[in-house]
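Numbering (my numbering), first residue to last: 1 to 276.
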């Protein structure tokens, strides 16, 4: 039903676009991650399966209403809204993001809304626009450790820029929950992952996801897989994350930034254990 509705309303789910390994589990549980602002990213991060190009400033202003209608029809309890990067737009897509959150909140008042945003080029006003729409969770992914950032991510993305956006969220609204995620297995060391976790906590990030990088294709543009991280190491990251003060840590080979996102909301409500 979800797949049919998504097609009928001309929506994109990141579950499909990014070839997520957990699609059956999440869709079966009545949650989904919907990608707004088109399916063409202006950036070309080397870990990502989403296509890259120039959307030429085209924006579907009716998309927020369509997304909200779909969520209302599906009666989703929890939805994650994400997008491609839109460096071709003056505000990076901030207003469409905000309007999508507002429409969902209006049409489905009980639905929790998590957003996973681009960095909006680090512009405070763009971040402020989105935070003002009051998403339940504001996500911005650091993706990798500092040393590998320019190897793995598009040159327009930066380690400090992402950290600054996460910091801005809390400065604008200290009650807003923030989230980030790290992919491992691209050649980083455990110490570097721990350093990144400490940096995220210093930015007052509440929720953390750590998962195994899987090379989307064998094309040259995609970063080669260096190692499969042992499940015991994921368990250590989770244990350390809780000690560092994260309110929720999901850490495991198949974890993705939106994986079982609804569990994090339960944690914030004091209804569930703190991590998967």
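No residue lacks a Cβ here, since even glycine has one placed at the ideal position from N, Cα and C.
Within 7 Å, strictly: CB atoms of residue i and residue j
| i | j | result |
| --- | --- | --- |
| residue 98 | residue 130 | yes |
| residue 215 | residue 222 | yes |
| residue 185 | residue 226 | yes |
| residue 75 | residue 119 | no |
| residue 165 | residue 140 | yes |
| residue 180 | residue 200 | yes |
| residue 70 | residue 104 | no |
| residue 258 | residue 84 | no |
| residue 137 | residue 170 | no |
| residue 188 | residue 249 | no |
Rounded Cβ spacing between residue i and residue j (contact assumed at less than 8 Å)
| i | j | result |
| --- | --- | --- |
| residue 135 | residue 113 | 5 Å |
| residue 121 | residue 92 | 6 Å |
| residue 38 | residue 88 | So it is not a contact: roughly 10 Å between Cβ atoms. |
| residue 209 | residue 255 | 5 Å |
DSSP state of residue i mapped onto helix, strand, coil
| i | result |
| --- | --- |
| residue 35 | strand |
| residue 112 | strand |
| residue 47 | coil |
| residue 149 | helix |
| residue 234 | helix |
| residue 260 | coil |
| residue 82 | strand |
| residue 248 | strand |
| residue 203 | coil |
| residue 188 | coil |
| residue 142 | coil |
| residue 183 | strand |
Classification of residue i by the beta-carbon crowding that lies within 10 angstroms, buried from 16 upward
| i | result |
| --- | --- |
| residue 150 | exposed |
| residue 31 | buried |
| residue 241 | buried |
| residue 207 | buried |
| residue 198 | exposed |
| residue 277 | Residue 277 lies beyond the range of the chain shown here (1 to 276); nothing can be said about it. |
| residue 155 | exposed |
| residue 219 | exposed |
| residue 106 | exposed |
* the stretch 188 to 203 in contact with the stretch 32 to 42 per 3-pair CB rule at 8 Å -> With a cut-off of 8 Å on Cβ pairs, the stretch 188 to 203 is not in contact with the stretch 32 to 42, counting fewer than three such pairs.
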